[in-house]
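When we follow the numbering used here, the leftmost residue of the sequence shown carries the number 306, and every step to the right adds one. Take a look at the structure below.
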Amino acid sequence: MTSGDGLSGAFVQSIVQDRDGNIWFGTDGGASVYDGNGWRTYSTLDGLASDFVQVVFQDTDGTLWFGTNGGLNRFDGSNWATFKKEDGLIHDQVRLMVQDDSGALWFGTNEGVSRYTGQVWTSFTTANGLAANDILAIRQDAAGHLWFGTAGGGVSRYDGKVFQNLTRQDGLSGNVVHSIYRDQNDDLWLGTKGGVSRYRIPPKSMPHIFIDALVADRRYEGVEAVELPSTV
């Protein structure tokens, strides 16, 4: 399928299937949707902030979001809304989107990350602890932490309060992290410019230790006793 068939542009950046089964394509000529029978294309004439669409995303409410080179768009099926830097977005070129477990949306740009709760915008850059501002990947782990793959700074993990940064010095295969994948065991796989690294999330608590025998190696005169806390 090409522009001759109804696709808005030849450079396809993003493909998403919505909950109704329609396939959306973000291209360099707008956003196209295919319902199995025909095509429809949306452009700046319809409300897109830019015709260069880098990413298409559907949130848990069914709302569609479009990250473009000229800002961010929200589309509810009828109406378009636009968000730009003056609205709280860190940068107008939006290349990545994820939704965390709380429902907040995260947007990755080449100037940092923005979080939108539906009411409040918050942005993060290297000034806040991010390893680098050029964001290439975003993923949430099983503990609810957000991971950000960067171009040159390695990967940053955000626990809701502070950032922890990991680089080649910590065992990462490369400092340019293009992709992050969470598998069925909740391990994170990080694709870098230098290879692939796997990160296993440590358990939240220490494993239980069961004591089934005690041996005294010294004898004392008088009463001998060993007491263990009731919680052991």
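Glycine included, every Cβ here is placed at the ideal spot set by N, Cα and C.
Taking C-beta separations shorter than 6 Å and ignoring five residues to either side along the sequence, the partners of Gln469 in its chain run Arg462, following chain order. Counted as a single uninterrupted DSSP element, the beta strand (DSSP E) harbouring Arg379 occupies residues Gly376 to Phe380.
Taken through DSSP and simplified to helix, strand or coil, Gln474 comes out as helix. Assignment of Ala432 by DSSP, reduced to helix, strand and coil, places it in the helix class. Under the DSSP assignment, Thr497 falls in the beta strand (DSSP E) whose first and last residues are Leu493 to Thr497.
Ranked by how close their Cα comes to the Cα of Gly465, the residues Arg473, Leu471, Gln445 and Gly454 have Gln445 in first place. Check the Cα spacing between Val317 and each of Trp329, Thr422 and Asp366: the tightest is with Trp329. Of all C-beta pairs linking the segment 379 to 398 to the segment 409 to 427, three or more are shorter than 8 Å, placing the two stretches in contact. With a cutoff of 8 Å on beta-carbon distance, Asn480 and Gly500 are scored as not near each other.
Distances from the CA of Asp333 to each of Gln363, Gln322 and Thr346 were compared; the closest alpha carbon is that of Thr346. At the C-beta level, Leu451 and Asp405 come within 8 Å of one another. Leaving aside the five residues that flank Phe388 on each side, the residues in its chain whose CB is nearer than 7 Å to its CB run, in chain order, Gly376, Leu377 and Leu394. When only Cα atoms are considered, His483 and Val425 end up about 28 Å apart.
Taking every protein chain shown into account, the CB of Asn342 has fewer than 16 other CB atoms within 10 angstroms, so this residue is exposed.
The beta-carbon separation of Arg400 and Val360, rounded to 6 Å, stays under the 8 Å limit for a contact. Pairing Thr349 with Asn490, the inter-Cα distance amounts to about 42 Å. Residues of the same chain with a CB within less than 6 Å of the CB of Asp340, apart from the 5 flanking positions on each side, are Asn327 in chain order.
Within the same chain, Cβ atoms closer than 7 Å to the Cβ of Ala437 are found at Thr431, Thr455, Ala456, Gly457 and Gly458, the five residues on either side in sequence being excluded.
Its chain contains Ser355, Phe357 and Gln398 as the residues whose beta carbon lies nearer than 6 Å to that of Asn374, once the 5 sequence neighbours on both sides are disregarded; these appear in chain order. Residue pairing from DSSP places Gly454 in a beta bridge opposite Ala442 and Val460.
In the assembly as shown, Tyr504 is a buried residue. Its beta-carbon has 16 or more other beta-carbons within 10 Å.
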